[in-house]
Amino acid sequence: MRYVVDLHSHSGYAGGVGDISLDVVADTMAKKGINAFGIGDCLQPAWLERLGGILEEREAGLFALRGADGNRAAARFVMQTEIIITSPVASGGRKGTHVVLLFPGLGAAAEALRLLRKWDVKVDMGRPFVKCEDVPDVEEKCRALAAIDPGVMIIPAHVLTPQGVYGSDHPVDSLTEVFGGFAGDITAVETGLSADPALLALLPELDDKTLISNSDCHSGALNRVGREFTALDLDGPPSYEAVVAAIRNRKISYTAEFNPAEGRYFLTGHRAGLQGHGDAYCYYSPGEAPVDGRCCICGKKLTIGVLDRILYLAEKQSRDGTVRSLDATPPRQASRALVPLVEVIAHGLGIKSVSGKKVVQIYHAVVSRVGTEAELWDVPSADLAAHLRDAAPEPVVNAIRQVSDGEFSFQPGFDGTYGGLRLGERVDWLGHKVVVNQNG
Numbered sequence: 006m007r008y009v010v011d012l013h014s015h016s017g018y019a020g021g022v023g024d025i026s027l028d029v030v031a032d033t034m035a036k037k038g039i040n041a042f043g044i045g046d047c048l049q050p051a052w053l054e055r056l057g058g059i060l061e062e063r064e065a066g067l068f069a070l071r072g073a074d075g076n077r078a079a080a081r082f083v084m085q086t087e088i089i090i091t092s093p094v095a096s097g098g099r100k101g102t103h104v105v106l107l108f109p110g111l112g113a114a115a116e117a118l119r120l121l122r123k124w125d126v127k128v129d130m131g132r133p134f135v136k137c138e139d140v141p142d143v144e145e146k147c148r149a150l151a152a153i154d155p156g157v158m159i160i161p162a163h164v165l166t167p168q169g170v171y172g173s174d175h176p177v178d179s180l181t182e183v184f185g186g187f188a189g190d191i192t193a194v195e196t197g198l199s200a201d202p203a204l205l206a207l208l209p210e211l212d213d214k215t216l217i218s219n220s221d222c223h224s225g226a227l228n229r230v231g232r233e234f235t236a237l238d239l240d241g242p243p244s245y246e247a248v249v250a251a252i253r254n255r256k257i258s259y260t261a262e263f264n265p266a267e268g269r270y271f272l273t274g275h276r277a278g279l280q281g282h283g284d285a286y287c288y289y290s291p292g293e294a295p296v297d298g299r300c301c302i303c304g305k306k307l308t309i310g311v312l313d314r315i316l317y318l319a320e321k322q323s324r325d326g327t328v329r330s331l332d333a334t335p336p337r338q339a340s341r342a343l344v345p346l347v348e349v350i351a352h353g354l355g356i357k358s359v360s361g362k363k364v365v366q367i368y369h370a371v372v373s374r375v376g377t378e379a380e381l382w383d384v385p386s387a388d389l390a391a392h393l394r395d396a397a398p399e400p401v402v403n404a405i406r407q408v409s410d411g412e413f414s415f416q417p418g419f420d421g422t423y424g425g426l427r428l429g430e431r432v433d434w435l436g437h438k439v440v441v442n443q444n445g
């Protein structure tokens, strides 16, 4: 059976995140078509204790809101957190590698919390920093976490953003440089918002890894929950064990992805507002950034983009002298490039707010015709007009059809700035030279 999961989020205990109501998340899951959702920051002691009171286990390892009814009763939650493993790397300094942990229940999460306290980790923050002395120490700590229960999953998060294992912050060229021998025990990695299976197919090291996608959301909003997700093919009834088995055995129907250009770190550049920039910004296509890697505006080091990093890594990980290219390397897994429906509706209406009354009204009307947002993208584009008659104005229906047909791209994201949606066009950022874009 198909089972849709979004297994990376954050709670109100993470820095920069407001209080998040699981009631709101459950309501959003029903609209988006998400079956199971990762509860962020589950190792924060106060949050873990609270979860024990508001959740009840329904299927093994899958939790529901205690006393919920209606659509909320169908929402399932998985114990999940993100940790930051800090360790010295060969390129110099200490790298902070973001990692998603999944647990088969409250007991396993409590045991992981005990380990973190044993290691003198500060656990009062949503994303605890696990300080390691060297690569063998990283390996030892990962093995200790994995030994809690066979169902524990350790998944490198958003692997190509600056904070991911392959990211530009204190860069490394392989999983082994961070995880040591435990790299061979890693069965899945998270694509992140700035990468997708087509890009990650360039890396030979990931040939035996499952690629999953999650929202990494910081709110329960319609454009955040399920903005990326993974559709699994379960062999039996839903359970945590079935979810983990599907991931480990690559039983992936497809992943729903941001167009990588929409991600905040797609191209190399510097955003406006930095010291010395004012309103000026710059970004570069691969191979076009200054040789010294310094910004043409402020003179400081540019934030290296995902596209530059993955092309570099493809060369470094090449086997037998063969460097994989995007044009010649098909992805191992099926994926769909999608845009959150509220963003599509706002674009069709010509407005910026995705939470306005009119946008939300049209969203509910559209979803009511097809079941859930995830199911909307299964409707053949030729049938959309008939399905959505009287549910949305013609410009919105046209916008939905263009996204369904893949007729869209993004003004690229860079240096922490999301890309901007462009409908009706496709842009190949490998072949489209943007030497520098400067404003101000």
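Each residue of the sequence shown is one higher than the one before, counting from 6 in my numbering.
For every residue, glycine included, the Cβ atom is placed at its ideal position computed from N, Cα and C.
Secondary structure of F263, DSSP reduced to three states: coil
CA-to-CA distance, G156 to Y245, given in whole angstroms: 8 Å
Residue range of the beta strand (DSSP E) that includes A152: It is not in any beta strand (DSSP E) - A152 carries neither H nor E in the DSSP assignment.
Which listed residue (R406, Q366, E399, V364) has its alpha carbon closest to that of L381: R406
Exposure of H103, with buried meaning 16 or more beta-carbon neighbours within 10 Å: buried
For T327, three-class secondary structure by DSSP: strand
Closest Cα partner of G186 within the set R148, L207, H223: R148
Length of the line joining the Cα atoms of A397 and S258: 30 Å
Beta-carbon contacts of G436 that lie in its chain and below 8 Å, excluding the five residues immediately before and after: Residue placement at G436 is flagged as unreliable, the pLDDT there being 49, under the threshold of 50; a coordinate-derived value is accordingly withheld.
Strand pairing of E2, partner residues [DSSP]: This structure does not reach residue 2, given that the chain is present from 6 up to 445, and the question cannot be answered.
Sequence-distant residues of its chain with Cβ nearer than 6 Å to E412 (five each side left out): G429
First and last residue of the uninterrupted alpha helix (DSSP H) at E246: 245-253
Chain-order list of residues whose beta-carbon lies under 6 Å from that of G308 (same chain, five-residue window excluded): Note that residue 308 is Thr in the sequence shown here, rather than Gly. D420.
C-alpha gap between E62 and A69, whole angstroms: 6 Å
Start-to-end residues for the beta strand (DSSP E) that takes in S373: Per DSSP, S373 belongs to no beta strand (DSSP E); it is in the alpha helix (DSSP H), 362-375.
Cβ-Cβ separation, L150 to A188 (assumed contact under 8 Å), whole Å: So it is not a contact: roughly 15 Å between Cβ atoms.
Integer Cβ distance of F82 from A41, believed to fall under 8 Å: 7 Å
Residues near W52 by beta carbon distance below 7 Å, same chain, minus five either side: S16, Y18, D46
T215 and A200 closer than 8 Å at C-beta: no
Segment limits, alpha helix (DSSP H) that includes V349: 346-354
Cβ-Cβ separation, L343 to Y8 (assumed contact under 8 Å), whole Å: That belief does not hold up - the Cβ atoms of Y8 and L343 are roughly 18 Å apart, past 8 Å.
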